[in-house]
Amino acid sequence: MLHLYDTVTRDVRELKMREPGKLGIYLCGPTVYGPPHLGHGRATLVYDILRRYMEWSGVQVRLVSNITDIDDKIIDRANRENRPWNEITHKCEAVWFDAMNALGVLRPNDVPHATEYVDQMVDMIGELMSSDSAYATDDGVYLDISSVPDYGLLAHQNLEDMLSGGGDREVLGAAQKRHPADFALWKFSKPGEPSWPSPWGEGRPGWHSECVVMSLQLLGEGFDLHCGGADLRFPHHENERAQAVALGKTFAQHWMHNGFVVDTEGEKMSKSLGNVTNLVDLVQHYDPRAYRMLLLQTHYRSPVKVGQDNIDSSVKSLANLDGFADRMSQAALPAKSADIEVLAKFREVMDNDIDTPNAMAIIFDTVRRANIAIESGETDVCAALTTAVHEMCNALGLVLRSGDDIDAAIVDRAQQLDAARVAKDFATADAIRIELQAAGYVVETTKAGTRVRRA
RNA sequence: GGCGACGUGGCCGAAUGGUUAGGCAUGGGCCUGCAAAGCCCCGUAACCGGGUUCGAUUCCCGGCGUCGCCUCCA
144 MLHLYDTVTR
154 DVRELKMREP
164 GKLGIYLCGP
174 TVYGPPHLGH
184 GRATLVYDIL
194 RRYMEWSGVQ
204 VRLVSNITDI
214 DDKIIDRANR
224 ENRPWNEITH
234 KCEAVWFDAM
244 NALGVLRPND
254 VPHATEYVDQ
264 MVDMIGELMS
274 SDSAYATDDG
284 VYLDISSVPD
294 YGLLAHQNLE
304 DMLSGGGDRE
314 VLGAAQKRHP
324 ADFALWKFSK
334 PGEPSWPSPW
344 GEGRPGWHSE
354 CVVMSLQLLG
364 EGFDLHCGGA
374 DLRFPHHENE
384 RAQAVALGKT
394 FAQHWMHNGF
404 VVDTEGEKMS
414 KSLGNVTNLV
424 DLVQHYDPRA
434 YRMLLLQTHY
444 RSPVKVGQDN
454 IDSSVKSLAN
464 LDGFADRMSQ
474 AALPAKSADI
484 EVLAKFREVM
494 DNDIDTPNAM
504 AIIFDTVRRA
514 NIAIESGETD
524 VCAALTTAVH
534 EMCNALGLVL
544 RSGDDIDAAI
554 VDRAQQLDAA
564 RVAKDFATAD
574 AIRIELQAAG
584 YVVETTKAGT
594 RVRRA
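Take 144 as the starting number for the first sequence in my numbering and just add one per residue.
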């Protein structure tokens with residue numbers, strides 16, 4: 144049974160499922176107005192790992208993750224670049240899923256778009272209006288948070304404390320709001336802006352409304368888990384929840400938030416603080432698996448430093464695992480099911496708030512034990528451990544590469560190298576070795592003969 | 001100002017009131033004709049000052065420092 148930290152109760156508790164064996168997850172997706180950054184990558188990888196682990200554990204997961212395709216930032220960019228707003232959103236969404244694909248992040252089961260749910264949002268706002276939980280001003284329709292008694296549940300702050308600081312920031316629509324924390328459900332459009340009809344005037348939905356409508360519609364009331372980056376905790380998630388409460392509906396039963404990506408100075412990475420803050424750059428310049436590896440070695444709630452050293456270290460440890468997979472794939476091991484004890488330990492740490500750093504420790508330890516087993520001729524033991532490694536990696540979405548296809552001509556040369564060595568013609572052997580290395584291969588001398596692989 | 005997180009060995013990064021994290025790097029060994037690759041082995045570290053305790057990196061108090069949230073950023 145998975146136990147997971149809950150932002151509301153602030154402790155690790157069992158993740159309950161409305162229907163045992165079926166898990167409904169809502170993940171706040173991107174606003175498509177620019178290239179995805181490392182933070183987006185972390186969030187999606189963290190929940191991809193959660194999803195895969197749950198599925199591996201036999202749970203049927205329905206992951207819903209939206210695309211915010213109407214928003215002020217999209218309109219701003221469209222105006223700035225003088226191009227249609229929906230051209231930007233389509234382009235950015237394509238880039239997004241390309242990056243996700245490269246990272247090995249499974250596509251969510253549902254990908255609702257905000258623009259597809261405008262009617263439902265208007266209906267919901269209508270309900271809030273008729274119950275006096277919302278009111279219109281000159282620039283939009285706002286939720287009256289006084290109708291939400293426990294507003295601040297996720298922020299763990301009461302309203303007065305929230306307002307006492309935060310000082311310099313501009314309060315949106317302040318002039319006519321009843322309370323500074325009231326937030327926009329509907330924004331009236333200016334001429335030329337994308338707009339939809341509503342009883343209160345042409346406009347577009349506020350950010351916080353789409354996720355309530357879509358999550359409740361697709362997953363239903365009281366769905367199991369709502370997640371996203373730590374920065375969404377407040378105000379976004381708080382405000383989503385506020386609307387559900389105002390509607391008299393039960394919302395998410397469990398809240399999960401992942402930590403930030405920070406730069407080497409430990410500062411939150413938001414704009415351009417390093418050279419690889421852009422996710423697209425990262426997956427182009429490095430093995431995309433390295434990012435998953437790096438995140439697996441950090442707890443999801445801790446900040447993670449992404450820098451050259453860290454990525455390099457992950458690339459290296461990944462190469463070691465690949466090498467292991469490759470060697471074992473060629474070792475003609477008997478077919479064995481995974482070592483039960485190893486998997487039990489793996490489940491134990493994973494069920495404890497997705498403790499992937501310890502899960503990785505188990506994987507590395509199992510690799511070491513498999514190596515020792517094969518050295519001492521215990522092929523059955525080795526096979527069971529190796530299968531376990533593959534199962535665990537599979538559960539975490541870590542795909543190990545084994546056995547690149549090597550040109551027949553190269554394999555041929557390797558065999559000639561072996562022949563020369565047997566004949567003790569070391570001059571020829573060395574020459575072939577140099578030749579193969581120059582062609583970009585690592586030449587390994589093993590008891591079973593020379594093996595080559597791409598460097 | 002309010003709320004919260006954190007300060008661990010060369011770097012990254014976990015758990016934990018007393019005994020092994022793990023990764024990467026370094027070092028040693030094995031293998032090899034020599035190499036490389038690979039495998040094995042190795043690390044007593046915990047911001048400072050008090051306190052609780054037989055014993056604290058782990059609990060409490062106080063400093064110092066870093067970071068996050070406090071109206072639209074994953």
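Virtual Cβ for every residue (Gly too), placed ideally from N, Cα, C.
Note that the coordinates shown come from a computational prediction; the quantities given were computed from them, not determined experimentally.
Beta-carbon proximity list for residue i, same chain, < 7 Å, skipping 5 on both sides
| i | result |
| --- | --- |
| R576 | L560 and V586 |
| G310 | Note that G310 scores a pLDDT of 49, beneath 50, so its modelled location is shaky and nothing firm can be said. |
| A373 | H400, N401, G402 and F403 |
| A221 | P227, W228 and I231 |
| L181 | V404, M412, T420, L422, L425 and V449 |
| L476 | T522, C525, A526 and T529 |
| D430 | V458 and L461 |
Inter-residue CB distance, residue i and residue j (contact presumed, cutoff 8 Å)
| i | j | result |
| --- | --- | --- |
| V485 | T509 | 5 Å |
| V426 | A242 | 6 Å |
| P348 | M264 | 5 Å |
| S341 | W329 | 6 Å |
| A389 | S276 | 4 Å |
| Y285 | F326 | 6 Å |
| S472 | S545 | 4 Å |
| G346 | G283 | 7 Å |
| L193 | I497 | 6 Å |
| R376 | A298 | 7 Å |
Where residue i sits in the DSSP three-state scheme
| i | result |
| --- | --- |
| S289 | helix |
| K414 | Because the pLDDT at K414 is just 45, under 50, the model does not fix this residue reliably, and the point stays unresolved. |
| C171 | coil |
| S332 | coil |
| I497 | coil |
| D282 | coil |
| H442 | coil |
| F467 | helix |
| L147 | strand |
| G310 | Residue confidence is low: G310 scores 49 on pLDDT, short of 50, so the model does not pin down where it sits. No coordinate-derived value is stated. |
| D262 | helix |
| N209 | coil |
| N252 | coil |
| H351 | helix |
| E484 | helix |
| Q319 | helix |
| P227 | coil |
| L166 | strand |
| N421 | strand |
| G269 | helix |
| F394 | coil |
| M503 | helix |
| F240 | helix |
Residue closest to residue i, alpha-carbon to alpha-carbon, out of the options
| i | options | result |
| --- | --- | --- |
| M305 | K392, N222 and A324 | A324 |
| V207 | V492, F377, A516 and D253 | D253 |
| E224 | E364, P477, W239 and G177 | G177 |
| L246 | V189, A513, E270 and E534 | V189 |
| K333 | I553, N421, R597 and I218 | I218 |
| A481 | V458, E534, L362 and T393 | E534 |
| A468 | A487, G450, C370 and A531 | A531 |
| I505 | D406, R195, C370 and T529 | T529 |
| D266 | V356, F240 and H299 | V356 |
| W199 | R185, T393 and R490 | R490 |
| L158 | V447, A279, C370 and T187 | C370 |
| L539 | Q360, Y148 and L437 | L437 |
| W343 | T280, P446 and V492 | T280 |
| H183 | A574, P255, I268 and Y434 | Y434 |
Neighbourhood of residue i by C-beta, 8 Å cutoff - its chain only, sequence neighbours within 5 removed
| i | result |
| --- | --- |
| P500 | L439, Q440, T441 and H442 |
| V202 | M160, G164, K165 and L166 |
| L296 | V151, E381 and R384 |
| D494 | M144, L145 and H146 |
| I553 | L579, A582, Y584 and V595 |
Residues of its chain near residue i, where Cβ-Cβ distance is below 6 Å and the 5 sequence neighbours each way are ignored
| i | result |
| --- | --- |
| A582 | none |
| T211 | T174 and A257 |
| A557 | T593 and V595 |
| D154 | none |
| I515 | none |
| G172 | S208, N209 and I210 |
| A186 | G372 and N401 |
According to DSSP, residues forming a beta bridge with residue i
| i | result |
| --- | --- |
| T593 | T588 |
| N401 | G372 |
| E578 | None, per the DSSP bridge assignment. |
| N537 | For N537, which the question treats as bridged, DSSP gives no partner whatsoever. |
| D154 | D149 |
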